[in-house]
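Structure first, then comments.
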Amino acid sequence: MMRDQSGTGFPEGFLWGAAAASYQIEGAAYEDGKGLSVWDMFCRKPDAVWNGQTGDVACDHYHRYREDVGIMRDIGLRAYRLSISWPRVLPEGTGAVNERGLAFYDRLVDALLEAGIAPHVTLFHWDFPLSLYHRGGWLNRDSADWFAEYTSVVVRKLGDRVKDWMTLNEPQVFVGAGHYEGRHAPGDRLRFAEILRICHHVLLAHGKSVQAIRAASPGRCNVYYAPVAQVKIPASSSPEDIEAARAATWSVAARTTWTNTWWMDPVFFGRYPEDGLRLFAGELPEIRGGDLEIIAQPVDFCGVNVYWGVPVRAGAGGAPEVVPHPVGHPITAFEWPVTPECLYWGPRFFYERYGRPIVITENGLSCRDWISLDGEVHDPQRIDFTARHLRELRRAMAEGAVVNGYFHWSILDNFEWAHGYKHRFGLVFVDYPTGRRVPKDSARWYRELIASNGAILGA
Ligand code: FCB
1 MMRDQSGTGF PEGFLWGAAA ASYQIEGAAY EDGKGLSVWD MFCRKPDAVW NGQTGDVACD
61 HYHRYREDVG IMRDIGLRAY RLSISWPRVL PEGTGAVNER GLAFYDRLVD ALLEAGIAPH
121 VTLFHWDFPL SLYHRGGWLN RDSADWFAEY TSVVVRKLGD RVKDWMTLNE PQVFVGAGHY
181 EGRHAPGDRL RFAEILRICH HVLLAHGKSV QAIRAASPGR CNVYYAPVAQ VKIPASSSPE
241 DIEAARAATW SVAARTTWTN TWWMDPVFFG RYPEDGLRLF AGELPEIRGG DLEIIAQPVD
301 FCGVNVYWGV PVRAGAGGAP EVVPHPVGHP ITAFEWPVTP ECLYWGPRFF YERYGRPIVI
361 TENGLSCRDW ISLDGEVHDP QRIDFTARHL RELRRAMAEG AVVNGYFHWS ILDNFEWAHG
421 YKHRFGLVFV DYPTGRRVPK DSARWYRELI ASNGAILGA
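In structure tokens, the structure reads:
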């Protein structure tokens, strides 16, 4: 276990990181033999994305990655969470490997290591190969094997240098928003029984990918997963409210993909949660013998993306009840509530239940940033938001939650899915017409934070 020798509340070796994802920053959508993804297709549907925008060019990171790694080095990042575009590596999703696409990640990993930054690689952050979608996509049980094949190709190439792997990012979102609610690629609105079938295949894909990573990695590596945490925050410090928030965090109470346990209990415990099995009875997919053993491959960390939480109190008979925020409660540009305690209760509850070191794989906010008359980008709200959240994370750690790292979302402003370029989440501003990068005030603050190992957060 890492120790806090500096007295800042964060151990030496704490992973101060930032994150991004392939489709959101790379661009080069039609270059060097890349195949198409469901996002390339979805962005062309009328009214699917804000102002008809696409990730065709995005931050042009594919061509500017050296400059971007230089910025990360200047900030002092210890780790960078990137994702790999599956169709850039396997244009048809399976079969022929596109060596030129793979070579990009090879160069990127080398550049990161030269800069002293540990690459934490996510294998799937939503850019699913269009060819495989035409073969049934995640509805097809073979999708788990397709993902394992792709995993092996990547790990064989990069596994001599990459020591930290994540399988999937936020299955709740790409399944829920993408296949049930139709807001994200591929834009489907399937029946709930089909959604549960997809969930099962996605979990199988995770398990087979973990097996493939371990088999192909030449040395010891860490493997984890990055679901999005649905955090419930006790409305008061009373034991009843705390228990209500805990119960709500771990319950499956609606026919939706937005739960923790449906996605995490199978991975950590090898079983689906009982309340979900009861609620979804009659719509459950075929679960074959051995499936749950595959899904429950041991993982090293408990990764979670945490953006906000929902206050909950004990209602009648102790039943969890959502408490609305007071009028005027702060919100981000995305209109997400600002709830710093989510980085206290989230890690505390997740560590308590799953007992693995926590990694905050994403946390951040969008602001309406622009370049000021003085040529700088002033984003005091990002600094304040991040400081508040990290103080809460530090409190969770002081009280016993083991937390190995924190990845700020995001290193760069980028393509925010169905919202296009409306939202700016970066520590670094991107002027899209020219591609120019301007580190924001928050990037300088983050540099000081990392250099002080968290000391500048104060008491
Ligand atoms: C998360 C996604 C990430 C980004 C942030 C704002 O849901 O994983 O790609 O869009 O939200």
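If you're matching positions, the sequence shown starts at 1 in the numbering used here and goes up one per residue.
The beta carbon of each residue, even a glycine, is placed where N, CA and C say it ideally should be.
Since this is a predicted model, take the numbers as computed values, not measurements.
Candidates the options: which alpha carbon is nearest residue i's?
i	options	result
P298	H120, A212, N169, W409	A212
V430	Q24, N305, T259	Q24
W50	S442, K440, K422	K422
F310	G317, V304, G289, T339	Reading off the sequence, residue 310 comes out as Val, not Phe. Of the candidates G317, V304, G289, T339, the one whose C-alpha sits nearest the C-alpha of V310 is T339.
Y30	R100, G52, A79	R100
K440	K34, R66, M72, W16	M72
R348	E362, R388, L393	L393
E293	A401, V154, V210	V210
R197	S143, E240, A229	S143
G454	Q53, L77, W138, P330	L77
I360	V402, R368, V89, E335	V402
G13	V109, A79, A253	A79
A96	G33, G70, G303	G33
W86	D106, L130, P324, T54	L130
Hey, how far is the Cα of residue i from the Cα of residue j?
i	j	result
G116	D68	14 Å
D127	D275	32 Å
D265	Y272	6 Å
C43	G27	13 Å
T249	Y354	13 Å
Y406	A18	8 Å
A103	A235	50 Å
G364	R135	36 Å
G533	L113	Coverage of the chain is limited to positions 1 through 459, which leaves residue 533 absent and any answer about it impossible.
G163	H120	For clarity, residue 163 is Lys in the given sequence; the question names Gly instead. Those two C-alpha atoms are separated by around 7 Å.
S410	N140	33 Å
G176	T257	5 Å
A396	G458	16 Å
H389	W336	14 Å
F268	T261	10 Å
K45	S6	53 Å
G375	V428	13 Å
R447	G70	13 Å
D413	L373	20 Å
P218	S152	12 Å
Any heavy atom of ligand 1 within a distance shorter than 8 Å of the CB on residue i?
i	result
A333	no
V299	no
V223	no
S37	no
F280	no
G364	yes
A21	yes
Q381	no
Y307	yes
N404	no
V228	yes
F407	no
E416	yes
S410	yes
F14	no
N260	no
F104	no
E170	yes
F269	no
F425	yes
V173	yes
Q211	no
Where does residue i fall in DSSP's three states?
i	result
H120	strand
H184	coil
A79	strand
C199	helix
N169	strand
I411	coil
E362	strand
F429	strand
E99	helix
A29	coil
A16	First, the residue type needs correcting, since residue 16 is Trp and not Ala in the sequence shown. W16 falls in the strand class under three-state DSSP.
Strictly under 9 Å for the Cβ-Cβ distance: is residue i near chain D by that measure?
i	result
D188	Chain labels in this structure do not include chain D; a single protein chain is all it has.
Comparing the CB of residue i with every heavy atom of ligand 2, is any distance shorter than 8 Å?
i	result
H389	Here the bound small molecules are ligand 1; ligand 2 is not part of this structure.
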